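A.B. asks: Submitted below is the structure of interest, expressed as structure tokens.
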């Protein structure tokens, strides 16, 4: 915005002496480049030249050599430090003698900008006066801790407008522009005005101070006699001295002055009339940070806040702030949810009953009034109490819906001093949906409370807590949604380790996991097909993808699965699935996502990485679920990615990870499909992709998938297929099949 566009010659006089030093010299160069940003450098407008001075002046470049801002700044960047004594007077005499090298001979205003620490080793008053008598406008810019008295001698009058400090580069650029705008440029940016402001100049000065007294010997008037006395001891020290001054600055209206950003958003100016808002998490519904989240789901929601000594007063206040931020982000005027707040330490209090406030304003005031108590941390007792008394309100009106899902959000950062598992189980049996929020070291205990790691929300640091607002909103509104992939096309195969390393008891727990997982899918020919393979040293198909078309058939077959009890080879099991399960002959459907869930104790995985990669290369996802100790490197080679690996410490915890695993499978069921992976063509047929379809190129076979041998005597013919056809047959063996036809059959 601020740029001087008048015809003017600007000559920089840059101090390159040893008193400046190489580090400050480089900072002077950066500052000079920044000053150039306020100058409209052009052959017909502002021209720039530079002289570096120390013991002697040296012309770095004249005013007529570089005529664009980019060229000038590139040349300034390449200037090297020379070093020497600080002969500012000699440099001024050079300017008096040579003039402005490459300048326009006083036909345009001349500006001299001296950048120095003001510690000249020669006289400067006379040459400075002669320079100013030639109507050259002189700016003196201090670097490091300058000697301001000398800089004021160098600068034009009034000195308050012509003496600047490079330590605050932006302020100095403003000062230079403001003075030029009021004298040389004769223009200011639209809407801006030039004003005088109080400011200060800082420098380091050496002062003498009394350090103390010490015993010394002094002579006396008597001959050959001395006596002891106290002598003062002085020391010299450098102190920072501040000098008050006045500065001329350009002030422009800031579009953020009106505070347009709501809900704690930070306003960032973009010029004189534009801005944008940096919105907190949960806001950003419009440019002014309106709430973008909303709890459109109807729930009875109770926040259970830890108010014990373990969470500390600071942590309790943080949870209050989080609670307010969350409710401000999601609670609208007609929100269908009912909110309450409970506090606990040794005891439990419910200061805000569920549904007590229907408007955010009074709810916020009640939250502000909550006080920290600081007792023991009895989370188990609190959960048991809330299960009995947390939702015991009486409906105000007879027509109010009273069977809403009941959700408890536990906010804690302190380990419980009593058991939580049984109390949490009791709460869940009362149809309470539990969500745990806490720092990362609380993950294990919170998972015991929620019964499901998917309902546990952990944060890495205090600020990260506020980033969890969208996730908490998603968890609360997900309590009444059906789990599983009820409407997703999927071919799913379970591969279960039935070796001696797992053992009969643990094998039964794995089968229970498979049984309950199947209930999350709609099993029939048209939606989800499920196959089951068990393995030891060899793999056995218990039922193929197209064997059962209902839950009852699958569950009955699972109940009859035997335990093998020999050594384990997961690689053979995966090869078996690739060759004998995920095939068109055994019911696999082209154009449908395919997933293999490998359930193992981690044994027998040495030969599994290659077969797993072969499955992935053919479009089949391998999801590895490992119970117990195992080498993570080996597990990652089999899973292919940490996203497809779940490592569980014990078999009894397997149930808690079921929803997480089902959710991952559901996500995969929604991804795009390569119709030729795995190859749907039988008998070495070649799958050829088309737009939304595929063809099987057969050799000695025919049919949509090369499933029928060509009778002897038939000679293959070259296929010619119309592009729009769904299925064309020829004895030559090129067959066309599209997902559109398969979907129609479904």
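Numbering (the UniProt record's numbering), first residue to last: 1 to 746.
For each residue, glycine too, the CB sits at the ideal point set by N, CA and C.
Since this is a predicted model, take the numbers as computed values, not measurements.
1. Sort 311, 238, 326 by Cα distance to residue 264 and report the nearest one.
2. In angstroms, rounded to a whole number, what distance separates the CA positions of residue 227 and residue 163?
3. Would you check if the distance between the CB atom of residue 3 and the CB atom of residue 177 is smaller than 9 Å?
4. Could you name the residues of the same chain whose beta carbon sits closer than 7 Å to that of residue 414, not counting the 5 residues immediately before and after it, in chain order?
5. Using beta-carbon positions only, say whether residue 350 and residue 341 come within less than 9 Å of one another.
6. On the DSSP bridge assignment, give the partners of residue 243 in chain order.
7. Would you call the CB atoms of residue 424 and residue 380 closer than 9 Å?
8. Buried or exposed: which applies to residue 213, given that a residue is buried once 16 or more other Cβ atoms fall within 10 Å of its Cβ?
9. From residue 270 to residue 277, what distance separates their C-alpha atoms?
10. Which term fits residue 185, buried or exposed, when burial requires 16 or more other beta carbons within 10 angstroms of its beta carbon?
11. Nearest to residue 623 by CA position, among 649, 630, 594, 607, is which residue?
12. Looking at residue 128: is its Cβ nearer than 9 Å to the Cβ of residue 153?
13. Does the Cβ of residue 596 have 16 or more other Cβ atoms within 10 Å, making it buried, or fewer, making it exposed?
14. Is it true that the region 73-91 meets the region 108-125, where meeting means three or more beta-carbon pairs spaced less than 8 Å apart?
15. Is residue 711 near residue 696, with beta carbons less than 9 Å apart?
16. Can you tell me the Cα-Cα spacing of residue 272 and residue 251, whole angstroms?
17. Taking the alpha carbon of residue 253 as the point to measure from, which residue in 301, 300, 195, 48 has its own alpha carbon closest?
18. Distance, Cα to Cα, residue 166 vs residue 149?
19. Residue 522 to residue 678, Cα distance in whole Å?
20. Between the C-alpha atoms of residue 611 and residue 436, what's the straight-line distance to the nearest angstrom?
21. Is there at least one non-hydrogen atom of the ligand GTP closer than 8 Å to the beta-carbon of residue 611?
22. What's the C-alpha gap between residue 249 and residue 34?
23. Would residue 13 and residue 41 be called neighbours here (beta carbons separated by less than 9 Å)?
24. CA-CA distance, residue 530 and residue 497?
25. From which residue to which residue does the alpha helix (DSSP H) around residue 511 run?
26. Are the CB atoms of residue 85 and residue 54 within a distance shorter than 9 Å?
27. Using a Cβ-Cβ cut-off of 7 Å (strictly less than) and excluding sequence neighbours within five positions of residue 59, which residues of its own chain qualify?
28. Nearest to residue 669 by CA position, among 652, 620, 654, is which residue?
29. So which of 429, 219, 557 has the shortest CA-CA distance to residue 533?
30. For residue 468, which of helix, strand or coil comes out of DSSP?
31. Using only the alpha-carbon positions, how far apart do residue 73 and residue 79 sit?
32. Check each candidate in 139, 288, 183, 236 and name the one with the smallest Cα separation from residue 259.
33. What residue ranges within the region 622-681 form continuous beta strand (DSSP E) runs of no fewer than 3 residues, ordered along the chain?
34. Is residue 702 buried or exposed, if buried means 16 or more other CB atoms sit within 10 Å of its CB?
35. Which term fits residue 126, buried or exposed, when burial requires 16 or more other beta carbons within 10 angstroms of its beta carbon?
36. Grab the span of the alpha helix (DSSP H) containing residue 133 for me, first residue to last.
C.D. replies: Working from what's here:
1. Each of 311, 238, 326 was checked against the Cα of residue 264, and the nearest Cα belongs to 326.
2. It is roughly 56 Å from the alpha-carbon of residue 227 to the alpha-carbon of residue 163.
3. Contact: yes.
4. If we look at residue 414 and ignore the five residues flanking it on each side, its Cβ neighbours are 306, 308, 310, 311, 377.
5. Contact: yes.
6. Note: residue 243 sits in a beta bridge opposite 201.
7. Yes, they are a contact pair.
8. By the 10 Å Cβ count, residue 213 comes out exposed.
9. Cα to Cα, the separation comes out at about 11 Å.
10. Here residue 185 is buried: its Cβ has 16 or more other Cβ atoms, across all protein chains shown, within 10 Å.
11. Checking every option, the nearest Cα to that of residue 623 belongs to 594.
12. Yes, they are a contact pair.
13. Here residue 596 is buried, its C-beta having at least 16 other C-beta atoms within 10 Å.
14. Contact between the region 73-91 and the region 108-125 is present: three or more C-beta pairs spanning the two stretches fall below 8 Å.
15. The answer is no: Cβ separation not under 9 Å.
16. Those two C-alpha atoms are separated by around 11 Å.
17. Out of 301, 300, 195, 48, 195 has the C-alpha closest to the C-alpha of residue 253.
18. Rounded to whole angstroms, residue 166 to residue 149 spans 16 Å at the Cα level.
19. C-alpha of residue 522 to C-alpha of residue 678: approximately 23 Å in a straight line.
20. Going from the Cα of residue 611 to the Cα of residue 436 covers about 39 Å.
21. This structure lacks the ligand GTP; in fact it carries no ligand of any kind.
22. The C-alpha of residue 34 is placed about 17 Å away from the C-alpha of residue 249.
23. In this structure, residue 13 sits away from residue 41, with a CB-CB distance that is not shorter than 9 Å.
24. Rounded to the nearest angstrom, the gap between the Cα atoms of residue 530 and residue 497 is 17 Å.
25. In the DSSP annotation of this structure, the continuous segment of the alpha helix (DSSP H) that includes residue 511 starts and ends at 504-518.
26. In contact: residue 54 and residue 85 (Cβ atoms closer than 9 Å).
27. These residues qualify, in order along the chain: 51, 101.
28. Closest option to residue 669, Cα to Cα, is 620.
29. Of the listed residues, the one whose Cα sits closest to residue 533 is 557.
30. Residue 468 falls in the coil class under three-state DSSP.
31. Between residue 73 and residue 79, the C-alpha separation is close to 10 Å.
32. It is 288 whose Cα lies nearest to the Cα of residue 259.
33. Whole beta strand (DSSP E) segments, 3+ residues: 645-648.
34. Buried: at least 16 other Cβ atoms inside 10 Å.
35. By the C-beta density criterion, residue 126 is exposed, having fewer than 16 other C-beta atoms within 10 angstroms.
36. Run containing residue 133: 125-133, per the alpha helix (DSSP H) assignment.
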